[in-house]
Structure formats: structure tokens, C-alpha cells
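Everything on this sheet refers to the single structure shown next.
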Amino acid sequence: MQLTNAARQLKQKKIPFTYHTYEVDETDVSAKHVAMTLNKPLDELYKTICLMNEKKQYAFFLISGERDIDLKAAAKAWGAKKASTVPMKELETLTGYIRGGVSPIGAKKPFPVYLHEAAQDRETITISAGKRGYQIELTPEDLLQFTNGHWFSQ
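All residue numbers for the sequence shown refer to our numbering, where the first residue is 14 and numbers rise by one.
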């Protein structure tokens, strides 16, 4: 089985995870579709959203598949005045990832990571492994520890 950069990094640090693969539908890379394909509840699948603040600094925010990001709450958690999503055309150059395959682990540059507090109620969450068709399931605590991440609320 081919390991993504994110999976290799977790394995190298001996962080336990489960690797999931699925058939990619290029016409639908939504969290809802991925959750259905993996037969997982949508609130267990966490999507990674790359945001930019007014100082052109970047961060990854992870929210469950059934939620939309609240940019004001994200900015507040980040200590920024405002936050906006990184335009799709800049995403790959900035992170090394494409839409539907963005992971908070193994990006070109390490950005701050913020995980929505709803994940505190979950034993595990499933996040992108950094490539469409690949997901990593791990504990929220392991994700935060590995990324030096923070909880946020919205």
C-alpha cells in the first residue's frame, strides 16, 4: 500500500493511526461524499481548511464534515482581525495539496493547526492523508500533539 507523506510522518513518530483508502470521484470531493464512500458518519470526518489572515499568515482549521467554517470565530481563535479561505488557485503552491486532499500533516510548510472543539467528544477522527483517496483515522489528541495544534470553538 502506498503511504502518503502524512502517513509516513505519523508512522516515523510511532503515532497510531488507521489508513483508509477509497475510490475517488473527481466530480465530488466533498466531505459528505468521502464519508459515504468510507461508510463513516459525517461528524467523524474532519475537513482541513487553509485560511489566511490580514497579515498574509496561514493556518489549517479542521472542522467536521457537517459544519461550515465560521471565519470570525476562526480569526478570533487565531488572534487575527480577520480570516479568509485561501483561493483554490493558490492552495497547491502554498501547501503542496489540492482541494479534497489537504492535510494538516506533511504540508510544504508547517502552519498552525486548529481543531474544532467538537472533536473532543470523539474517540477518533478521520482526516485527509494528503492525497485524494487516502484518509487517516487517529485520536484528536494525537493530531494536536503531533501538529502542536490548538482547540477552537465557533
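Every residue, glycine too, gets a C-beta built ideally from N, C-alpha and C.
Comparing alpha-carbon positions, which option in the options lies nearest residue i?
{"i": "residue 26", "options": "132, 128 and 156", "result": "156"}
{"i": "residue 84", "options": "102, 95, 77 and 78", "result": "95"}
{"i": "residue 99", "options": "143, 73 and 39", "result": "73"}
{"i": "residue 66", "options": "77, 87 and 79", "result": "87"}
With DSSP run on the structure shown, which of helix, strand or coil describes residue i?
{"i": "residue 137", "result": "coil"}
{"i": "residue 24", "result": "helix"}
{"i": "residue 160", "result": "helix"}
Note the first and the last residue of the continuous alpha helix (DSSP H) segment covering residue i.
{"i": "residue 15", "result": "Run containing residue 15: none; DSSP gives neither H nor E here."}
{"i": "residue 126", "result": "From DSSP, residue 126 is part of no alpha helix (DSSP H) but of the beta strand (DSSP E) over 126–129."}
{"i": "residue 89", "result": "84–91"}
{"i": "residue 121", "result": "Note, residue 121: premise wrong, no alpha helix (DSSP H); not H, not E."}
{"i": "residue 102", "result": "101–108"}
{"i": "residue 45", "result": "44–51"}
Start and end of the beta strand (DSSP E) containing residue i?
{"i": "residue 152", "result": "Looking at the DSSP string, residue 152 is not in any beta strand (DSSP E), and its letter there is neither H nor E."}
Count Cβ pairs between the region 122–137 and the region 32–52 that sit closer than 8 Å; are there 3 or more?
Contact fails between the region 122–137 and the region 32–52, because fewer than three Cβ pairs, one in each stretch, are under 8 Å apart.
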